[in-house]
Structures are given as structure tokens and as C-alpha cells.
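Asks:
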Amino acid sequence: MREQNKTITRSAHREEQMATQQGNQPATAPKRRTFLGYLALMGPAFVVGAWQFGPGNLTTAVQAGSRFDYSLVWVIAVSTIMMIFFTDMSVRLGIVTPTSLITSIKDHLGKWVGVLAGFGVFGITLMFSVGNAVGSGLGLSLVFGGSPVLWTIVCTIAVGIVLAFKNVYGVVEKALLVIVVLMGLAFIASTVVAQPDWYRALEGAVPTLPAGSEILVVALVGTNFSINAAFYTAYGIKEHKRTRADYRDITLADTIPGIVAPGIMTALVIMVAAAVLGRTGGEAGTINALASIFTPLAGPVGSMVFALGLSGAAFSSMIANATAGGTMVSDALGRGAKAGSPMARIFTGMILAFGLIITLLFQSSPVGLIVIAQSLTVLIAPLLGVLIVVMANKASVMGDLRNKWWQNLFAAIGMIAIIASSIRLITTLIG
């Protein structure tokens, strides 16, 4: 009887251990969600979209529409597809890695590789902070009048207040979701007013390369296919503690709409620029010029709506840029991988302060710094792309979420585009 009881006890203990182990394993069955449940998944990819949809993106889009009509719309479509695949890889890495992405890279590929990636992104965000600061001031001065520099100071202070909240990432995410929605409405309204030629816009979805457009195509790819932004998605996923069971729904509710939204808005800017140029005959090579030429079509209200969209793009990019840069350099130093960590806050403040100080000192758009930022992108973007692809293919890290062959196919196409853009940009800078 005693032996029988021992056998039963051992059997029950084994069953309890197995049940515990199974409970610790990540669930793979998809959850049933309500509509509000799907809305709750929205966030990380929209932060990424807000980051990439900034002044540089808008400037290149305006130039594309004013110089080459609708013929470069296809670049936005292709860039958006590539961005979805790289963001998806970052999402899966955020789900499966036990630590942050840069820390995981240091563990698997070497400490110096992770440190280089973190500081490389920080350098890019530092330089891009100037364009964001200038763009936010210009946009609001178009709406409310007054000095662009004064509005830059106001915007920087406002961003600093947003980033001072305890739950920094949560506040940033909610703020950017609202701004993206408002920007979308502004650009849709602008498109309705401008009345573009939709048939010619569809023709522009077919790849062509007009003479003299090569550099602008590189710029469009660089601003819309932002590896830096895709890389940061893993941090947002970690902030939310998403699991394998969330992956499918994240893709449908966040990844695809979060990346497609800025792509659509960029395409709308190209079409508005092309339509305004076609109907007024004016030059619209800059954001300010496009907003002013827009007035004859829609009056001051229409021009103001368009300018609000532009200032929203700069403001949202300023928030996301500073948050991402501060978080990743803090992670590279091993001082915390969350936006609210003390070291991340310090570096975030440095990024904002740098943009404001340079704007105050030069009182104009510092083209030299933008060129430096592009140079850094040439060096860092291919590295970040390679790191994402390598980590997403590690079976020991990814398990069942490892890249499939078709995902690697699109990853290869994306890497070719990044490297080709980098080579083209290097030759341009040297020339």
C-alpha cells in the first residue's frame, strides 16, 4: 500500500511539474478580441510611422510632386511594403527576446555591435532633431503667424512636458496616435480641395524613372523606408509585454495600418503638390511655398488646414525621434531600455536641447547638419537592417517566429534597396 501511495504521489508530482512547465510556455493560440481589444493593440507601429513622417519626408514629397508630377508615387508604395516587412521582423523580435533588442544583439552578436547600433541611432536622432525643431516652428508660424524660432521654442517646451510624464512611452504613444489621426484628416481634406488627377496618380504607381529624379528617389526611399524607426518597434512591443498569442492581431491592428498610414499621407502630399503646381503654375519646391500657393485654391482656411498637417508631422516626429534616440543609447550603455529610465531621459533631453540650440544659433535650416545626418544614415541604416535580418533568422532566438523564406526574400530586396541608396548617397556626397 505504501509503495502504491508513493507511486501515486510521484505521478501526481510529475503531472504538476508538466502543468507548471506548460503554463510557463508562451501561448500560441490567438486570443478572441473585441473591437476595443483590437484598438488597444494599436501603438508601437504608429510611433514608428510618426517618426518617419517628419519634415524631411514632407520636403522630399513636395519636391517629388512639384518637379515630377505624379510619376514618383510608386516609390512610396514600394518603400511602404519594405517598411512593413522590416517592422514585422522587429515586432517578432520584441515578442520573443527575453531582453531588449540591443541587449539581445550584444548577447548574441557581440557587445561592440550593440553599442555601435545604439550610438549610431543616437547620432542620427541628434542631427534629425534640428530638422524637426525647424519644421515645427515653420509649420506653426504658417498657422498662427509670428516668428518660426519662437514657435520652435514653444514646441520644444511642449515636447519636454510630454516626455516628463512618469509613464513616458504610454503618454507618447497616445499623443502620437491622436496626432496621426489629425494629420490624416488634414491631408485628406487638402487632397479633396486640390482635386488631383486620380487617373494620372494611378499611372504614377507604375515604376518609372524620369530623367534627373535619381537623387530624389534615393531621398524618398531613405525617408519612407526608415530602418532606424523599424528598429525601434521592438522597444514598443517590449513596453506592452506582447506575447506570441498577440502576434497575428498586432499585425492586423498595428503593424500594417501604422506603417501604411504615413505612406498614404506621403503619397497624398505628392498628389497635392502635383495638383497645386498643375492648376496654379507656381513653383512649390518647399513646404512654405506649397502652403502659400495652396491659398488661391482653398483660401486661408484651406492653407491653414494644410499647414496644420505639416506642423503636426514635425511635432510628432520631434517626440518620437527624441524618445527613440534616448531609449536606444541608454540601452547600448546598459543603463535601461525603457523610455522612462533616468539615463534615457537625460539623452532625450540632450536631443531636444541640441535641436533647439542649433536652431537658435543659425536662425535658418542648417543644411550642413542634414547632410551629416544623411551621411550617418548611410553608415548606420545598412548595419541596422543586417542586424534585424540576422536576429530574425536565429532559430535559438526566434523559435516558431523565425523568418520564413518569403520573409527573407522581401528582406533581401529591402537590403538591396538600402545598400543601393547608401552607395548612391555616398557618391553624391563625394561628388
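Residue numbers for the sequence shown, in our numbering: 280 to 710. Glycine residues also receive a C-beta, built at the ideal position from the N, C-alpha and C atoms. Everything numeric in this text was worked out from a predicted model, so none of it was measured.
1) Go ahead and label Pro-489 buried or exposed: buried means 16 or more other beta carbons lie within 10 angstroms of its beta carbon, across all protein chains shown.
2) Going by DSSP, what residue range makes up the alpha helix (DSSP H) through Met-321?
3) How many Å lie between Val-665 and Gly-425 at the Cα?
4) Could you tell me the alpha carbon to alpha carbon distance between Lys-445 and Ser-620, rounded to whole angstroms?
5) Which of helix, strand or coil does DSSP assign to Val-485?
6) For the alpha helix (DSSP H) containing Asp-367, list its first residue and its last residue.
7) Can you look up Leu-442 in the DSSP assignment and give me helix, strand or coil?
8) Measure the C-alpha to C-alpha separation of Ile-697 and Ala-356 and round it to an integer number of angstroms.
9) If you reduce the DSSP assignment to three classes, tell me which class Asp-476 lands in.
10) To the nearest angstrom, report how far apart Gly-399 and Ile-659 are at their CA atoms.
11) Rounded C-beta distance between Pro-323 and Ile-516? I'm assuming under 8 Å.
12) Excluding the 5 residues flanking His-292 on each side, which residues of the same chain have their C-beta closer than 8 Å to its C-beta?
13) Taking the continuous alpha helix (DSSP H) assigned at Phe-633, which residues delimit it?
14) For Met-677, which residues of its own chain have a beta-carbon under 7 Å away from its beta-carbon, when the five flanking residues on both sides are left out?
15) Could you spell out the range, first to last residue, of the alpha helix (DSSP H) harbouring Ala-412?
16) If the criterion is Cβ atoms closer than 8 Å, does the pair Leu-337 and Val-548 meet it?
17) Could you work out which residue in Leu-635, Phe-633, Thr-606 is closest to Ile-381 when comparing CA atoms only?
18) Suppose you measure from the CA of Ser-675 to the CA of Val-669; what does that come to, to the nearest Å?
19) Whole angstroms is fine: what's the gap from Lys-683's alpha carbon to Ile-692's?
20) Going by C-alpha distance, which of Lys-385, Ser-408, Phe-332, Thr-366 is nearest Ala-632?
21) Could you tell me if Asp-525 is buried or exposed, where buried requires 16 or more neighbouring beta carbons within 10 angstroms of its beta carbon?
22) In terms of residues, what are the limits of the alpha helix (DSSP H) holding Leu-507?
23) Please classify Val-457 as buried or exposed, where buried requires at least 16 neighbouring CB atoms within 10 angstroms.
24) Give me, in chain order, the residues of the same chain whose beta-carbon lies closer than 7 Å to that of Ser-700; leave out the 5 immediate sequence neighbours on both sides.
25) To the nearest angstrom, report how far apart Arg-346 and Val-555 are at their CA atoms.
26) So does the stretch 583-600 actually touch the stretch 612-626, counting three or more Cβ pairs closer than 8 Å?
27) Can you give me the Cβ contacts of Gly-724 inside the same chain, cut-off strictly under 7 Å, excluding the 5 residues immediately before and after it?
28) How big is the Cα-Cα spacing for Leu-519 and Ile-529?
29) Do Leu-639 and Val-428 count as a contact pair if the criterion is CB distance below 8 Å?
30) How would you call Lys-385, buried or exposed, if buried means at least 16 neighbouring beta carbons within 10 angstroms?
31) Tell me whether the beta-carbon of Ser-505 lies closer than 8 Å to the beta-carbon of Trp-391.
32) Where Leu-495 and Asn-503 are concerned, what is the direct C-alpha to C-alpha distance, given to the nearest angstrom?
33) Which of helix, strand or coil does DSSP assign to Gly-491?
34) Could you round the C-beta distance between Val-459 and Gly-328 to whole angstroms and report it? I think they count as a contact, below 8 Å.
35) Among the candidates Tyr-511, Lys-673, Ser-383, Leu-704, whose CA atom is the shortest distance from the CA of Glu-452?
Replies: The relevant details are as follows:
1) Mapped onto the sequence shown, residue 489 falls at position 210. Exposed, by the Cβ-count rule.
2) Indexing the sequence shown from 1 puts residue 321 at position 42. Run containing Met-321: none; DSSP gives neither H nor E here.
3) The residue you call residue 665 lines up with position 386 of the sequence shown. The residue you call residue 425 lines up with position 146 of the sequence shown. The straight-line gap from Cα to Cα measures roughly 45 Å.
4) Indexing the sequence shown from 1 puts residue 445 at position 166. Indexing the sequence shown from 1 puts residue 620 at position 341. Cα to Cα, Lys-445 sits roughly 10 Å from Ser-620.
5) Within the sequence shown, residue 485 is the residue found at index 206, counting from 1. Three-state result, Val-485: coil.
6) In the sequence shown, counting from the first residue as 1, residue 367 sits at position 88. From DSSP, the alpha helix (DSSP H) with Asp-367 extends over 352-375.
7) Numbered from its first residue, the sequence shown carries residue 442 at position 163. Here Leu-442 sits in coil by DSSP.
8) Residue numbering aside, residue 697 sits at position 418 when the sequence shown is read from its first letter. Residue numbering aside, residue 356 sits at position 77 when the sequence shown is read from its first letter. Cα to Cα, the separation comes out at about 16 Å.
9) Residue 476 sits at position 197 when you count from the first residue of the sequence shown. Three-state result, Asp-476: coil.
10) Mapped onto the sequence shown, residue 399 falls at position 120. Mapped onto the sequence shown, residue 659 falls at position 380. Their Cα atoms are separated by approximately 6 Å.
11) What you label residue 323 is simply residue 44 of the sequence shown in a count that begins at 1. What you label residue 516 is simply residue 237 of the sequence shown in a count that begins at 1. Confirmed, Cβ separation roughly 6 Å.
12) Sequence index remark: in the sequence shown, residue 292 carries index 13 (1-based). In this predicted model, His-292 has a pLDDT of only 44, less than 50, meaning its place in the structure is not dependable; the value taken from the coordinates is given anyway. Excluding sequence neighbours, His-292 sits near nothing in its chain.
13) For the purposes of this step, residue 633 is taken as the residue at position 354 of the sequence shown. Here the alpha helix (DSSP H) through Phe-633 covers 621-641.
14) Translated into the one-based positions of the sequence shown, residue 677 becomes position 398. Arg-371, Val-375, Ala-671, listed in sequence order.
15) In the sequence shown, counting from the first residue as 1, residue 412 sits at position 133. Start and end: 390-423.
16) For the purposes of this step, residue 337 is taken as residue 58 along the sequence shown, with counting starting at 1. For the purposes of this step, residue 548 is taken as residue 269 along the sequence shown, with counting starting at 1. Closer than 8 Å, so yes.
17) Your numbering for residue 381 matches position 102 in the sequence shown. The shortest Cα separation from Ile-381 among Leu-635, Phe-633, Thr-606 belongs to Thr-606.
18) Translated into the one-based positions of the sequence shown, residue 675 becomes position 396. Translated into the one-based positions of the sequence shown, residue 669 becomes position 390. For Ser-675 and Val-669, the distance between alpha carbons rounds to 12 Å.
19) Here the question's residue 683 lines up with position 404 in the sequence shown. Here the question's residue 692 lines up with position 413 in the sequence shown. Approximately 14 Å between the Cα atoms of the pair.
20) Looking up residue 632 in the sequence shown gives position 353. Per the Cα distances, Ser-408.
21) Numbered from 1 along the sequence shown, position 246 holds the residue referred to as residue 525. Buried: at least 16 other Cβ atoms inside 10 Å.
22) Locating residue 507 in the sequence shown gives position 228, counting from the first residue. As written in the sequence, residue 507 is Asn, which differs from the Leu given in the question. Start and end: 506-519.
23) As a first step, residue 457 is located in the sequence shown; it is residue number 178 there, counting from the start. Exposed, by the Cβ-count rule.
24) Mapped onto the sequence shown, residue 700 falls at position 421. So the list reads Val-497, Val-500, Gly-501, once near-sequence residues are dropped.
25) To locate residue 346, count along the sequence shown from 1; it is residue 67. To locate residue 555, count along the sequence shown from 1; it is residue 276. Those two C-alpha atoms are separated by around 12 Å.
26) no
27) Because the chain is modelled from 280 through 710, residue 724 falls outside the range shown and cannot be assessed.
28) Reading the sequence shown from its first residue, position 240 is the one you call residue 519. Reading the sequence shown from its first residue, position 250 is the one you call residue 529. The question names Leu, but residue 519 is His in the sequence shown. Distance between the alpha carbons of His-519 and Ile-529: 11 Å.
29) The residue labelled residue 428 in the question sits at position 149 within the sequence shown. The residue labelled residue 639 in the question sits at position 360 within the sequence shown. Contact flag set, yes.
30) Here the question's residue 385 lines up with position 106 in the sequence shown. So Lys-385 counts as buried.
31) Locating residue 505 in the sequence shown gives position 226, where the first residue counts as 1. Locating residue 391 in the sequence shown gives position 112, where the first residue counts as 1. The answer is no: Cβ separation not under 8 Å.
32) Here residue 495 refers to the residue found at position 216 of the sequence shown. Here residue 503 refers to the residue found at position 224 of the sequence shown. C-alpha separation (whole angstroms): 12 Å.
33) Along the sequence shown, read from residue 1 onward, the residue named residue 491 stands at position 212. In this structure, Gly-491 counts as coil in the three-state DSSP scheme.
34) Against the sequence shown, residue 459 aligns to sequence position 180. Against the sequence shown, residue 328 aligns to sequence position 49. Yes, they are in contact, since the Cβ atoms of Val-459 and Gly-328 sit about 6 Å apart, within 8 Å.
35) For the purposes of this step, residue 452 is identified with residue 173 of the sequence shown, where counting begins at 1. It is Tyr-511 whose Cα lies nearest to the Cα of Glu-452.
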